[in-house]
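Enquirer: In order, the protein sequence lines correspond to chains S and D. To convert, note that position 400 of the first sequence is 425 in the numbering used here; the numbers rise steadily by one, no gaps. To convert, note that position 579 of the second sequence is 583 in the numbering used here; the numbers rise steadily by one, no gaps. Before I ask anything, let me first share the structure, which is written out below as structure tokens.
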Amino acid sequence: MSSAGTADQFWIGVDIGGTFTDLVALSTAGKRYVTKTPTIREDVGAGILEGINKLGREIGIDPSSLLASTARLAHGTTIGTNLVAERRGARTALIATDGHGDAINIMRGSGRVQGVPIEDLFHPQVTVKPRPLVERNLISEIKQRTDRNGDRVVSLDQSQMRSIIDGLAGAGGVEAVAISLLWSTRNPEDELAIAGYVEAEYPHIYVSCSHSVAGRVGEYERTVATVMNSYIGPRSTEYITGTKDALKDQGYGGELFIMQSAGGVIPAEEATVRPIATLDSGPVGGIIGCQVLAGQLGHPNVIATDMGGTTFDVGMIVDGEALVTDDAILDQYRYRTTRVEVKSIACGGGTIARVDPHESAIRLGPESAGSNPGPACYGHGSGLATVTDADVVLGLVDGGRFLAGEMGLDAVAAEAAISAVGEPLGLDATKTAAGLIQINDAKAALLLRQHTIERGYDPREFVLYAYGGAGPVHAFDFARQLGVKEVVVPLGETASTLSAFGCATSKVVRYFEREDTFTVSGAGADLTDAIKDLGQEARDAMGRINGANGAVKVELFALMRYAGQRAHHILVPVPEGGEIEGDSLLASFRGVYEELYGEGVSKVSQEVEVFALRARASIGEMEDDLIAALGDREGGQSAVPAPVEVREIFWPDAEEFLSTDVYDGTALQPGDELRGPASVALAFTTVSVGRTDALRVDAFGNLRILFNQGDEETV
Amino acid sequence: MSVAEDTSIVWDGVARGYKPSTPPLIPGAPEHLRLYTGDQRGSEIDPIVYELIRFGLLQANQEHGITLQKLCVSPITMIARDFQPSILMADGSAVVLGPYLQYFSNLLTLSVQWILENYSDTVGIRPGDMFLANDPYIGTAHQSDVALLCPIFHEGELFAWVGNMVHHSDVGGPVPGSFCPSARDIWEDPSPFPPIKIIEEGEIRDDLKRLFLRQSRLPVNAEMDLFAAIGGNNVARRRIEDLNDRHGARSVHAAMHRLMDAGEQSLRAKLEAIPDGTWSEVAYNEAALAGDEGIYKYQINITKKGDRLIIDNEGTEAQAGAISVTYATFVAASLAAVAAQLCYDLAGAFGGAYRLIEHRAVPGTLSCSEWPAPASAGGYNVYMVYGPAMAALAKMMAAGDAEVRRKAMGVPLTLWNIAVYSGTADDGSYFVGPDVNGLIGALPAGSVRDGLDCGGQVHIPEGEASNVEDYEDAWPILYWYRREAQAGAAGAGQFRGGCGFEQALSVHRAGSVSLDLYMNEGFAKTPGVGGSNPGGRCFTRLSGGVDCADRPLQFKGSPVQLEDGDVVTWNWPNAGGFGDPLFRNPDAVAIDARGGQLDATVAAEVYGVVLVPEGEGLAVDAAATTARRSEMSDARLAAAEPPRVSSPSTESIDDGASVPFGPHLHLGEGPDGPAWVCAECRTVLGSGRENFKDGCAVIETKMSELGNAFADEGSQTAIRVWFRSFCCPSCATRIGTEIAREGEPYIWDIRPL
């Protein structure tokens, strides 16, 4: 531990997980401090203050001085996700257009299959609809109707509206109202009138309007977003405001920022108005952490992979920015929001292996053993053969070093479970385990391949970042199959604080969108002006954010499609100034289209149109400087560390046991280099270095796996 | 019951439906076309490699489906996903079926086999080709469903096919939307296209493309949807070629064979848990042509013998008007029913199951029509095969072991309620609007659980209805409401069918708009299983307009001009139930009542459950319920005709000496051989060699007297169709129900061998 200089300023990131709260502080002197404290479920805010205390001790200053010299504190929260998953949100009423209150329960007829694995899709008898978010008797229909042009067909019945609202407020216990009327995106007046009445008469009730929460056409997805926003609104607001106040009491004078699911942080105040922006942001912190590091390492294109116990989450960074999408599914409810695209599949350490009775073939997943009862090797008697058990059988994971030795793994139970799977196929435990790892890794590689190629990208132009408990164990294998350039285990031994690091370092980001149609053949001044206007709107809004300093960067995109293709678009970057040329837009669009769907498929007579414009505005140049400073620290002398032991490990790609050097990852220093085959034990995972690969520790503490550095030929 | 195959009938795809040889005969092979033979010993493939390839094939097909959805522009495909991608073996057998419209895959098989048997040595099948087809006498349910088939070659040998079927919004014919309920023959239908090679070695044939697009009222949409289909095939073909590169064509080929074997084995295992026998269901259609008041009988018989299923249509009446379907539809729809009931466990890779199934169709009938019967209405008549097949299979599975019984599912539908609008918007632009909100659907009851309300469609897992705003954006209409239906008498059972919905709309900012196709059934047709009520009736109502009075609508009438202020109301009815409603758990009735889905009157009248206020809600009065149910049982027996065959020699058979054949029906061994037994009171009903219904007390009611959920007021057909309840003469448990035309004998639907 070293003490900080008095003039140092700090950027703090906090990530609250189910078990641990992680904190990262970056100092202007180019130092990084990390700490970890148990999450206090009943009082998450208290957990943060406890974390600040620990962080202060780590740095060597008292907590109030730390907060006083903190330039920015940002944090990622799963509170919204938990409220929805556990149905502990506010008692929410829904106000809908007369005749359309059932839309949220009808779920377009597809509610039972949203987000359901393909294995269950063909089995209607096992699919169910999710538990409702709004009690049926709290859905009210109001007499009003607007048409697709935003013109009134039926005027809002003011007295009925007032009596409905009064009734709901009087019914007791209604804490939040979601207002979602048909075509409110084209005419928000009635939503605003209802919201105005609620706010004036019942200021304690939390209100969301669909046109502002999720202003796109399509009432089901918009309604779900609005209901979610209200459902998590009161608790999120309480929490965010409480945390903000507590930090202020302790001496923090700045703005509290919250990680949003679209990537980047937003001011606390905005997060209380649109808490849906933070919903399901769990996996995003890590991807943003990768994005920040990648910016420093000169990796414009990154596949960020988080392989944990039950899922494999994948995000993509292209030209330095995480890709975003417009759709999200939470608990089978699909809703409209801009968010970092995270593809999540059932593939992780806890994935269960079994033999399909009809095929005499090994099947892996989608079921997971979770953490309880967990894999056979957890010793809870589950007897379930999982990927982690296969890792233990092969020696890729050392039971004695799992979770820094805090939890021993039962190798005997693992071997018994794996043997039982292989036995009917005549395979011994080792062969079976190797086969399971081959399946796991090849599946991961195939999905990653598809995820990149489907979008028109070549995996060979990407670097793969691997984190999560099961990621670095297998990355050597699936990343090689994928053909990426290199693997990075971000932040090395402190990889578990990647999300907190993402919070600390993320820029302030906001998206702005305008829905308007421009045909490409007639593209001219209208489109040029619309782009300019949107850019200006973004700049103005960003300029009003407190606590975010530096220049505003605005990137603009046209969302393009063939007229009528409402399930599809291609994002084409457009310049903020200067004339827009229809021909060049069309050429960009057609080029990508044919690349994706085959030569000749763009030879149709249909018009190509721009149907929306998007601006991505960010502020954050100070952060860039700060992060760069982290890489400037001393060290970086090339050195070869000493292994702590040599162990026989069965490498599934080599299909044989190899004498493998085992390293204590916590003792590695920047500049250290070692050669595979090697196994590097970290606190929360193990990094496998393949037999032809090498591992180097860079100045940030990232572990970088470079392929084909050994003497053997490429496989 | 099952008919013997008449080998003298020619199934050529010209005079009648096309039935391929097994395996398909490929003229000119091998000089003109060589099939990749590779290594067919699928069982010897490494299990790890097999799993990787299996996963890769599933992913390729999934990506194919997503691409179709992205690139299509017609709401029926882009939003409703009325399409299906598939991967087929070189010989056309489907290996991997997508999670969209299930029966399309079986139709692709027929088209591919027809191409193999007819074009191998003439038109030729070469790398880079794609074939378009929509001929119902070969391989589609109706002309709107257009197949696009793409052979995949490996080193000059035909390796596999990928293909899709896409519902086009309009492919011509006299009625916008291309469903022609008044077509008397195929020349009053859209023109069917036998397979044409629309892409030749990678280049689109501009002449053939123009010929196809020239048929449509919406050529721009048709072009986009056609190119979406091409893009989908391109993507899937690339992924499979990629798998060949990675794992070797030999391994991929072997894995495909092994997948077929797995599908076969999965079905065989379930068939082995079911006794041999024949199960049947009858369904009646009406309105062979608009305005016609005839009633028409379709029958499906499923014979299970050893590890085989034989599906026939014996008992089905002669083809008539525009309600017949072709052999292709008969095969595809009945296979889709088998898939839903018995092939749920292989994530879509169950095509091999079809090896165990044989079809024996009597040609010239409503479910196997001969040229030149029209076929464009096959898109909704297909359910006259699918619905009865679901019922026959559910009854068959109710006789299986505990695991198979648990999976039995009732009947979701016998008609697709569709409305098609066309005309102009106020800006003069032309539109054709097929409203397929039926995708909101309702799942039928199963043997152990209720159907799901607005739970979608069993046979279109990934189907999705539109948002109200999506249709209003596309067409000049405005929806006044779209509401979940009540859990009333329709679909009532020990387990109730899922509730459907009702919607109402008007034209809005329109020029001139007509309602070209609509459904207003005279009587409900969806059978209940195991003594439950039938599912509900599809209706369409038209009210308002110039004279402000309801305008009566026929089942399928002539197009109606819609005026400003007209309100069109239509529904998706509740799905069929499972088991006697008097056996429903009273708490389940109370839960529905508390949720506002059922009122206390229905609880008492349909379920015999007496609900009383408790706090803010309703609770079951247990004593009053027992009394009420006992009264209702007595009333059943009082109203019933006594059994036709009276007093069997044995009065009862013990529990241990009988096996289930339905929720309330057992088969036991009596002194005179097999005997039907009431599962509830153990009373012997009669000989197991006869129809169990002959030993039941029977209540017959005209459909027209069952209320609006089951019959249209004033319908001239509903007064000639009866609803029959077959009850235990001793305890009054309703063991079976049927819908039958006046004068028809009892359907002999359960026949153990």
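Glycine included, every Cβ here is placed at the ideal spot set by N, Cα and C. These numbers come from a predicted model, not from an experiment.
1) In three-state DSSP terms, what is I118(D)?
2) Which bits of chain S does Y228(D) rub up against, with CB to CB less than 8 Å?
3) Secondary structure at R218(D), three-state DSSP: helix, strand or coil?
4) Look at the alpha carbon of L450(S) and the alpha carbon of L348(S), and state the distance between them as a whole number of angstroms.
5) If you measure from the beta carbon of F147(S) to each beta carbon in chain D, is any gap under 8 Å?
6) Identify every run of the beta strand (DSSP E) within the region 687 to 737 of chain D, keeping only runs that are complete inside it and at least 3 residues long; order them along the chain.
7) Can you check whether the CB of D123(S) is closer than 8 Å to the CB of K168(S)?
8) Could you tell me which uninterrupted alpha helix (DSSP H) segments, each at least 4 residues in length, are contained entirely in the region 513 to 556 of chain S, listed from first to last along the chain?
9) What's the C-alpha gap between P131(D) and G160(D)?
10) Looking at the structure shown, is W484(D) part of a helix, part of a strand, or coil, going by DSSP?
11) Run the CB neighbour count on Y302(D), radius 10 Å, all protein chains shown included, and call it buried at 16 or more, exposed below.
12) For the alpha helix (DSSP H) that contains S286(S), what are its first and last residues?
13) Which ranges does the alpha helix (DSSP H) cover as unbroken runs of at least 4 residues, wholly within the region 264 to 310 of chain S, from first to last along the chain?
14) What does the Cβ neighbour count give for D296(D), buried or exposed, with the cut at 16 atoms within 10 Å?
15) Kindly provide the ranges of any beta strand (DSSP E) runs that are 3 or more residues long and lie completely inside the region 582 to 620 of chain D, ordered along the chain.
16) N78(S) CB to nearest chain D CB: under 8 Å?
17) Checking 8 Å against the spacing of the C-beta atoms, do I164(S) and L119(S) come in under that value?
18) Relative to the C-alpha of S521(S), which residue among A201(S), C315(S), D68(S) and A293(S) is closest?
19) Against chain D, which members of the region 591 to 614 of chain S pass a CB distance test of less than 8 Å?
20) Of the residues A226(D), A639(D) and W484(D), which one's Cα is nearest the Cα of S78(D)?
21) List in chain order: all unbroken beta strand (DSSP E) runs of 3+ residues lying wholly within the region 26 to 101 of chain D.
22) Near L757(D), what residues of its chain come up, given a Cβ to Cβ distance below 6 Å and the 5 sequence neighbours on each side ignored?
23) With a threshold of 16 other CB atoms inside 10 Å of the CB of S433(D), please say whether the residue is buried or exposed.
24) What in chain S is Cβ-close to C503(D), meaning under 9 Å?
25) Sort out for me which residues DSSP pairs I156(D) with in a bridge.
26) Would you verify that the beta carbon of I305(S) is, or is not, closer than 8 Å to some beta carbon of chain D?
27) Excluding the five sequence neighbours on either side, which residues of its own chain have a C-beta within less than 8 Å of the C-beta of V317(S), listed in chain order?
28) Check whether the Cβ atoms of N237(D) and I327(D) sit closer than 8 Å, and answer yes or no.
29) Below 8 Å on the Cβ atoms is my contact criterion, and I expect E362(D) with I314(D) to pass it. Report the Cβ-Cβ distance as a whole number of Å.
30) Can you look up R137(S) in the DSSP assignment and give me helix, strand or coil?
31) Along the region 161 to 175 of chain S, where does the CB come closer than 9 Å to a CB of chain D? Name the residues.
32) Here's the rule I'm using: 16 or more other beta-carbon atoms within 10 Å means buried, otherwise exposed. How should R728(D) be labelled?
33) When the cut-off is 8 Å and only beta carbons count, does D474(D) lie next to chain S?
34) Taking any Cβ of chain S, which residues in the region 26 to 56 of chain D have a Cβ under 7 Å from it, in chain order?
35) Would you report the Cα separation of S148(D) and I739(D), rounded to the nearest angstrom?
36) Determine, using beta-carbon pairs with one atom in the region 474 to 487 of chain S and one in the region 682 to 702 of chain S, whether at least three such pairs fall under 8 Å.
Expert: Short version:
1) First, the amino acid is wrong: residue 118(D) is Trp here, not Ile. Helix at W118(D).
2) This sequence places Met at residue 228(D); Tyr is not what is there. In chain order: Y587, G589, Q590, V629 and Q631.
3) coil
4) 43 Å
5) yes
6) 688 to 691, 701 to 706 and 725 to 731
7) yes
8) 523 to 530
9) 8 Å
10) strand
11) buried
12) Careful: S286(S) lies outside any alpha helix (DSSP H) and carries neither H nor E.
13) 293 to 298
14) buried
15) 615 to 618
16) no
17) yes
18) C315(S)
19) R591, A592 and H593
20) A226(D)
21) 87 to 93 and 98 to 101
22) D280 and G281
23) exposed
24) Near C503(D) there are no residues of chain S at all, since even the closest Cβ is about 10 Å away, more than 9 Å.
25) A164(D)
26) Note that residue 305(S) is Asp in the sequence shown, not Ile. By this cut-off, D305(S) is not an interface position.
27) F526, G527, T530, S531, E648 and I652
28) no
29) 5 Å
30) coil
31) R161, N162, E166, R170, D172, R173 and N174
32) buried
33) yes
34) P51, I52, Y54, E55 and L56
35) 41 Å
36) no
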